[in-house]
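Trainee:
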Amino acid sequence: MNMKVITLLTDFGLDDFYVSSIKGILLKYEKNLNIIDITHNISPFDIKKGAFILYSTYKTFPKETIHFAIVDPGVGTFRDFLYMEKEGYHFFAPDNGILTFIYEEYCPLFKIIFPDIWIKEASFTFHGRDLFAPAVGKFLKGEHIEMVPKPNPVLFEYKKPHKNKKGEVKGSIIYIDRFGNCISNIPYEMVKFGKGKIIIKGKEIALWVTSYKEIPEGKIGILKGSISTLELAQNMSSLSNFLNINFGDEVIYTPI
Amino acid sequence: MNMKVITLLTDFGLDDFYVSSIKGILLKYEKNLNIIDITHNISPFDIKKGAFILYSTYKTFPKETIHFAIVDPGVGTFRDFLYMEKEGYHFFAPDNGILTFIYEEYCPLFKIIFPDIWIKEASFTFHGRDLFAPAVGKFLKGEHIEMVPKPNPVLFEYKKPHKNKKGEVKGSIIYIDRFGNCISNIPYEMVKFGKGKIIIKGKEIALWVTSYKEIPEGKIGILKGSISTLELAQNMSSLSNFLNINFGDEVIYTPI
Amino acid sequence: MNMKVITLLTDFGLDDFYVSSIKGILLKYEKNLNIIDITHNISPFDIKKGAFILYSTYKTFPKETIHFAIVDPGVGTFRDFLYMEKEGYHFFAPDNGILTFIYEEYCPLFKIIFPDIWIKEASFTFHGRDLFAPAVGKFLKGEHIEMVPKPNPVLFEYKKPHKNKKGEVKGSIIYIDRFGNCISNIPYEMVKFGKGKIIIKGKEIALWVTSYKEIPEGKIGILKGSISTLELAQNMSSLSNFLNINFGDEVIYTPI
Chain A
1415 MNMKVITLLT DFGLDDFYVS SIKGILLKYE KNLNIIDITH NISPFDIKKG AFILYSTYKT
1475 FPKETIHFAI VDPGVGTFRD FLYMEKEGYH FFAPDNGILT FIYEEYCPLF KIIFPDIWIK
1535 EASFTFHGRD LFAPAVGKFL KGEHIEMVPK PNPVLFEYKK PHKNKKGEVK GSIIYIDRFG
1595 NCISNIPYEM VKFGKGKIII KGKEIALWVT SYKEIPEGKI GILKGSISTL ELAQNMSSLS
1655 NFLNINFGDE VIYTPI
Chain B
1415 MNMKVITLLT DFGLDDFYVS SIKGILLKYE KNLNIIDITH NISPFDIKKG AFILYSTYKT
1475 FPKETIHFAI VDPGVGTFRD FLYMEKEGYH FFAPDNGILT FIYEEYCPLF KIIFPDIWIK
1535 EASFTFHGRD LFAPAVGKFL KGEHIEMVPK PNPVLFEYKK PHKNKKGEVK GSIIYIDRFG
1595 NCISNIPYEM VKFGKGKIII KGKEIALWVT SYKEIPEGKI GILKGSISTL ELAQNMSSLS
1655 NFLNINFGDE VIYTPI
Chain C
1415 MNMKVITLLT DFGLDDFYVS SIKGILLKYE KNLNIIDITH NISPFDIKKG AFILYSTYKT
1475 FPKETIHFAI VDPGVGTFRD FLYMEKEGYH FFAPDNGILT FIYEEYCPLF KIIFPDIWIK
1535 EASFTFHGRD LFAPAVGKFL KGEHIEMVPK PNPVLFEYKK PHKNKKGEVK GSIIYIDRFG
1595 NCISNIPYEM VKFGKGKIII KGKEIALWVT SYKEIPEGKI GILKGSISTL ELAQNMSSLS
1655 NFLNINFGDE VIYTPI
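Chains A, B and C, in that order, give the protein sequences. By the working numbering, the letter at position 206 of the first sequence is numbered 1620, and the numbering carries on one by one without gaps. By the working numbering, the letter at position 119 of the second sequence is numbered 1533, and the numbering carries on one by one without gaps. By the working numbering, the letter at position 162 of the third sequence is numbered 1576, and the numbering carries on one by one without gaps.
Here it is in structure tokens:
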């Protein structure tokens, strides 16, 4: 018999009892469960960062994995709790935009109907434990959970990278990792890799490399990043600190 | 065959090799083990915080779960290592007060007798790995571990919330979470929810809400918290920072 | 059927999607997998700290455990990815010195040959996910992975503690833990425990104790530490901060 795999992504941090309480409830339904933490260090309420991280990692897991994401500024209000299926992966998340990068119109999408008794007994502050986790637990165990189709999920707007007639591509920084590497949303295939320059924060960069190591000290390199978009980086140093680059900063690619 | 579930709660942090060494030892005894981290970020030696977190989450786990807590300022000295059973849960912890909120007089309570060879070979600084974990490992595997009844565990004193004739309740803040929400020890059932006011830090609060979202910006709300006590909070902002509220601060409820 | 045990040690931190992506890939190959985090909080690129932590904990795990360590400043360059076996434990790591404290000349040591298709499709920045994890996954599943003997691994130099004719031992601090305890590389058996003095940072210490608790406030004690070397510590206080002790600082033992 195989273990079932479920991931957790939250903004609960690792100091409080919130993460373990969710895990405890899930294990009440199914003990043969491999619970994998994606991260619990999303800044409180930062749905966009959560959305990006979920998008960047969900496919690395085996099919049938359940991805359970709780970044939920709306706890206690009447946002829906969603179930979505895509490419053999199962997603459970509040309806607040965290599925933005993953949702496609063809995806089966439902909202969960919670039993009255659950709602009555739930705390006002911890729906993750009192409503969401039991629903996911029932799903894990193969029990029926009531759900109805939900056509229009909440999605947040984000500028997709845009190419003009000259071949210029305007995109933005969508992630900065712990090493200070700056990940853009400009797909590798959208540019001529190795040709042209990048402008960010008024600075021109034209050093195309295939590894961090090739970047001389103090210089900035352009790489194919791990989600197949252009990434800007320094060698063993934080580019984010060096140029004060933040989430959302504009990135322009100009071909030669 | 089901996985066995064990939780770990320590003040070891996540940077050193201490947590993994405990897990390694446990896995030597039982490989089909689902080890769940409650937290390892208890401030060094903060038994009271560990006690509160253990209390707040232990029941969310399935029956037969083993809760193994090591916050142990006394490592190397002769405090006992306890085994306690309550409501189908198993607890292992040093005898230093960490079971304070969970212990009841009817709970079977024992101290572990370690084999001489273990004591002889143990390091002076890491009893968690050299004595506690092997004992828990034997228990997990169903092997005999020597233990004798232990009548009076170390418990730390804490003021239970008190109601006077006028219906006023005096309690205190027993937890502040990463969001800055301030959790009191005044049970929800001890007050008339929605009626009356709370005084904390000289400030009167009379805004009773059922979700964080209902609290207008800059205001403070009173909610039923996740452990069914009164909780004070702001909406997407840290109340703890705003009013400089700390563990132990007095909270007074006055009915209308 | 038993769960297979694998540990992970990285400098990826817990905020990004890097750790979960590695775990996802491993689970694609083998679902019945107990993945244990040693730590992901190694300072970026700090191979020496990673090497020490791996060395300090690997033996606490059951035989057949796979230890998978990725601290890899050289990602994207042509350092090898190694497989080593020692005492029934399996190690996978880039060839950059992280096995320094574990490697012995008698250890079977190989470098992995990655299939061309993997190399072609790998990102430039995340070999851990795109090359290393799939190779480890195949190994886990019992599938063939191509490897060839690799005689001379990269090892970093470190001074082993040295004893002179007078019985003096010169060593150094090789680890400082979260409590500020300072762990030296002088083996317990190399000195007369309880006799003599330690000099560090110009300060003489002659208080030999068997537990932190025995050290009076403000004083410094010498203990047998958890990896059986001499450790210097204060009681519930950070010695590292107190004396500004850092990794590499010299420690001299002089017998009476």
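Idealized CB from N, CA, C, for every residue including glycine. No experiment lies behind these values; they were computed from the predicted model shown.
By the DSSP assignment, the beta strand (DSSP E) with Ser-1598/B in it spans what residues?
Mentor: In the second sequence, counting from the first residue as 1, residue 1598/B sits at position 184. Its beta strand (DSSP E) spans residues 1596-1601.
Trainee: Can you round the beta-carbon distance between Ile-1600/B and Leu-1545/B to whole angstroms, since I take them to be within the 8 Å contact cut?
Mentor: Taking the first residue of the second sequence as 1, we reach residue 1600/B at position 186. Taking the first residue of the second sequence as 1, we reach residue 1545/B at position 131. The pair is not a contact, with the Cβ atoms about 39 Å apart (cut-off 8 Å).
Trainee: Counting along the chain, where does the alpha helix (DSSP H) carrying Thr-1471/B start and finish?
Mentor: Taking the first residue of the second sequence as 1, we reach residue 1471/B at position 57. Thr-1471/B -> alpha helix (DSSP H) spans 1461-1471.
Trainee: Could you spell out the range, first to last residue, of the alpha helix (DSSP H) harbouring Pro-1522/A?
Mentor: Here residue 1522/A corresponds to residue number 108 of the first sequence, with the count starting at 1. Run containing Pro-1522/A: none; DSSP gives neither H nor E here.
Trainee: Could you tell me which whole alpha helix (DSSP H) segments of length 4 or greater appear in the stretch 1479-1515 of chain A?
Mentor: Listed in chain order, there is nothing to give.
Trainee: Taking Cβ-Cβ distances shorter than 8 Å, what residues in chain C pair up with Lys-1442/B?
Mentor: Residue numbering aside, residue 1442/B sits at position 28 when the second sequence is read from its first letter. Near Lys-1442/B (Cβ distances below 8 Å), the residues of chain C are Thr-1474, Phe-1475, Pro-1476.
Trainee: At the level of alpha carbons, what is the spacing between Asp-1429/A and Asp-1451/B?
Mentor: The residue labelled residue 1429/A in the question sits at position 15 within the first sequence. The residue labelled residue 1451/B in the question sits at position 37 within the second sequence. Approximately 11 Å between the Cα atoms of the pair.
Trainee: With DSSP collapsed to three states, give me the class of Ala-1647/A.
Mentor: By 1-based counting over the first sequence, the position of residue 1647/A is 233. Correct three-state label for Ala-1647/A: strand.
Trainee: Measuring CB atoms only, is the stretch 1638-1658 of chain B touching the stretch 1586-1605 of chain B, in the sense that at least three cross pairs come out at less than 8 Å?
Mentor: The answer is yes - the stretch 1586-1605 of chain B touches the stretch 1638-1658 of chain B, with three or more Cβ pairs under 8 Å.
Trainee: Indicate whether Tyr-1419/C and Leu-1441/B have their beta-carbon atoms separated by less than 8 Å.
Mentor: The residue labelled residue 1419/C in the question sits at position 5 within the third sequence. The residue labelled residue 1441/B in the question sits at position 27 within the second sequence. Checking the sequence shown, residue 1419/C turns out to be Val, not Tyr. Taking 8 Å as the Cβ cut-off, Val-1419/C and Leu-1441/B qualify as a contacting pair.
Trainee: Going by Cα to Cα distance, which pick from Ser-1652/B, Lys-1500/B, Asp-1663/B is closest to Pro-1476/B?
Mentor: As a first step, residue 1476/B must be located in the second sequence, where it is residue number 62. The candidate whose alpha carbon is nearest that of Pro-1476/B is Lys-1500/B.
Trainee: Using beta-carbon positions only, say whether Ser-1651/B and Val-1489/A come within less than 8 Å of one another.
Mentor: Counting from 1 along the second sequence, the entry for residue 1651/B is found at position 237. Counting from 1 along the first sequence, the entry for residue 1489/A is found at position 75. No. Outside cutoff.
Trainee: Quick check: Ile-1527/A and Met-1561/A, are their CB atoms within less than 8 Å of each other?
Mentor: Along the first sequence, one-based indexing puts residue 1527/A at 113. Along the first sequence, one-based indexing puts residue 1561/A at 147. The answer is yes: Cβ separation under 8 Å.
Trainee: Which value, in whole angstroms, describes the spacing of the CA atoms of Gly-1438/B and Ile-1619/A?
Mentor: On the second sequence, residue 1438/B is found 24 positions in, with the first residue counted as 1. On the first sequence, residue 1619/A is found 205 positions in, with the first residue counted as 1. Spanning the two alpha carbons is a distance of roughly 47 Å.
Trainee: Rounding to the nearest angstrom, what Cα-Cα distance links Phe-1524/A and Tyr-1520/C in this structure?
Mentor: Within the first sequence, residue 1524/A is the residue found at index 110, counting from 1. Within the third sequence, residue 1520/C is the residue found at index 106, counting from 1. Straight-line Cα distance between these residues: approximately 59 Å.
Trainee: Taking just the CA atoms, how far does Lys-1564/C sit from Lys-1574/A?
Mentor: As a position in the first sequence, residue 1574/A is number 160, starting the count at 1. As a position in the third sequence, residue 1564/C is number 150, starting the count at 1. Their Cα atoms are separated by approximately 47 Å.
Trainee: Taking 8 Å as the CB-CB cut-off, is Asn-1448/C touching chain B?
Mentor: Translated into the one-based positions of the third sequence, residue 1448/C becomes position 34. Yes, Asn-1448/C lies at the interface with chain B (some Cβ there is under 8 Å from its Cβ).
Trainee: In chain order, what residues of the same chain have a beta carbon less than 8 Å from the beta carbon of Pro-1669/C, not counting five sequence neighbours either side?
Mentor: For the purposes of this step, residue 1669/C is taken as residue 255 along the third sequence, with counting starting at 1. Same-chain partners within the cutoff: Lys-1580, Gly-1581, Glu-1582, Val-1605, Lys-1606, Lys-1609, Gly-1610.
Trainee: Using the Cα positions of Ile-1449/A and Ile-1613/C, report the straight-line distance between them to the nearest angstrom.
Mentor: For this step, residue 1449/A is matched to residue 35 along the first sequence. For this step, residue 1613/C is matched to residue 199 along the third sequence. Rounded to the nearest angstrom, the two C-alpha atoms are 48 Å apart.
Trainee: Identify the contact partners of Val-1419/A in chain C, using a Cβ-Cβ distance below 8 Å as the criterion.
Mentor: Counted from its first residue, the first sequence places residue 1419/A at position 5. Within 8 Å Cβ-Cβ: Leu-1441, Lys-1445.
Trainee: With DSSP collapsed to three states, give me the class of Gly-1635/A.
Mentor: Against the first sequence, residue 1635/A aligns to sequence position 221. Reduced to three states, the DSSP call for Gly-1635/A is strand.
Trainee: For chain A, is any of its Cβ atoms less than 8 Å away from the one on Lys-1437/B?
Mentor: Stepping through the second sequence from its first residue, residue 1437/B is reached at position 23. So, not an interface residue.
Trainee: Since Gly-1438/B is in the alpha helix (DSSP H), which residue starts that stretch and which ends it?
Mentor: Here residue 1438/B is taken as the residue at index 24 of the second sequence, counted from 1. That run of the alpha helix (DSSP H) goes 1432-1443.
Trainee: Can you tell me which of Gly-1427/C, Leu-1513/C, Ile-1456/C, Glu-1664/C puts its alpha carbon nearest to the alpha carbon of Lys-1617/C?
Mentor: Taking the first residue of the third sequence as position 1, residue 1617/C is located at position 203. Of the candidates Gly-1427/C, Leu-1513/C, Ile-1456/C, Glu-1664/C, the one whose C-alpha sits nearest the C-alpha of Lys-1617/C is Glu-1664/C.
Trainee: Counting C-beta neighbours from all protein chains within 10 Å, is the total for Asn-1655/B 16 or more, i.e. buried, or is it exposed?
Mentor: Translated into positions along the second sequence, residue 1655/B becomes position 241. Burial call: exposed.
Trainee: According to DSSP, is Asn-1655/C helix, strand or coil?
Mentor: Residue numbering aside, residue 1655/C sits at position 241 when the third sequence is read from its first letter. Asn-1655/C: helix per DSSP, three-state reduction.
Trainee: Under three-state DSSP, which class holds His-1541/B?
Mentor: For this step, residue 1541/B is matched to residue 127 along the second sequence. In the structure shown, His-1541/B sits in a helix (DSSP, three-state: H, G or I).
Trainee: Kindly list, in the order they appear in chain B, the residues whose Cβ is closer than 8 Å to that of Phe-1459/A.
Mentor: The residue you call residue 1459/A lines up with position 45 of the first sequence. In chain order: Met-1650.
Trainee: Judging by CA-CA distance, which residue of Tyr-1432/A, Glu-1444/A, Trp-1622/A, Tyr-1572/A is the nearest neighbour of Thr-1514/A?
Mentor: Within the first sequence, residue 1514/A is the residue found at index 100, counting from 1. Thr-1514/A has its Cα closest to that of Tyr-1572/A, out of Tyr-1432/A, Glu-1444/A, Trp-1622/A, Tyr-1572/A.
Trainee: In chain order, what residues of the same chain lie with their CB nearer than 8 Å to the CB of Asp-1591/A, ignoring the 5 residues before and after it?
Mentor: As a first step, residue 1591/A is located in the first sequence; it is residue number 177 there, counting from the start. Cβ within range, chain order: Ile-1597.
Trainee: Report the option in Ile-1531/A, Glu-1444/A, Val-1433/A, Asn-1416/A whose CA atom is closest to the CA atom of Phe-1553/A.
Mentor: As a working note, residue 1553/A is residue 139 in the first sequence. Out of Ile-1531/A, Glu-1444/A, Val-1433/A, Asn-1416/A, Glu-1444/A has the C-alpha closest to the C-alpha of Phe-1553/A.
Trainee: Using the beta-carbon of each residue, which ones in chain A are nearer than 7 Å to Pro-1487/C?
Mentor: Counting from one through the third sequence, the residue named residue 1487/C turns up at place 73. Within 7 Å Cβ-Cβ: Met-1650.
Trainee: Taking the alpha-carbon positions, what's the Asp-1494/B to Ile-1634/A distance?
Mentor: As a first step, residue 1494/B is located in the second sequence; it is residue number 80 there, counting from the start. As a first step, residue 1634/A is located in the first sequence; it is residue number 220 there, counting from the start. Whole-angstrom Cα-Cα distance: 58 Å.
Trainee: Using a threshold of 8 Å, state whether the C-beta atoms of Val-1485/C and Phe-1459/C are closer than that.
Mentor: Stepping through the third sequence from its first residue, residue 1485/C is reached at position 71. Stepping through the third sequence from its first residue, residue 1459/C is reached at position 45. In this structure, Phe-1459/C lies closer than 8 Å to Val-1485/C by Cβ.
Trainee: Where does Glu-1535/A sit, in a helix, a strand or coil, going by DSSP?
Mentor: Along the first sequence, read from residue 1 onward, the residue named residue 1535/A stands at position 121. Note: Glu-1535/A maps to helix in three-state DSSP.
Trainee: Taking the Cβ atom as the reference point for each residue, do Leu-1621/C and Ile-1636/C lie within a distance shorter than 8 Å?
Mentor: Against the third sequence, residue 1621/C aligns to sequence position 207. Against the third sequence, residue 1636/C aligns to sequence position 222. Cβ distance < 8 Å, so Leu-1621/C and Ile-1636/C count as in contact.
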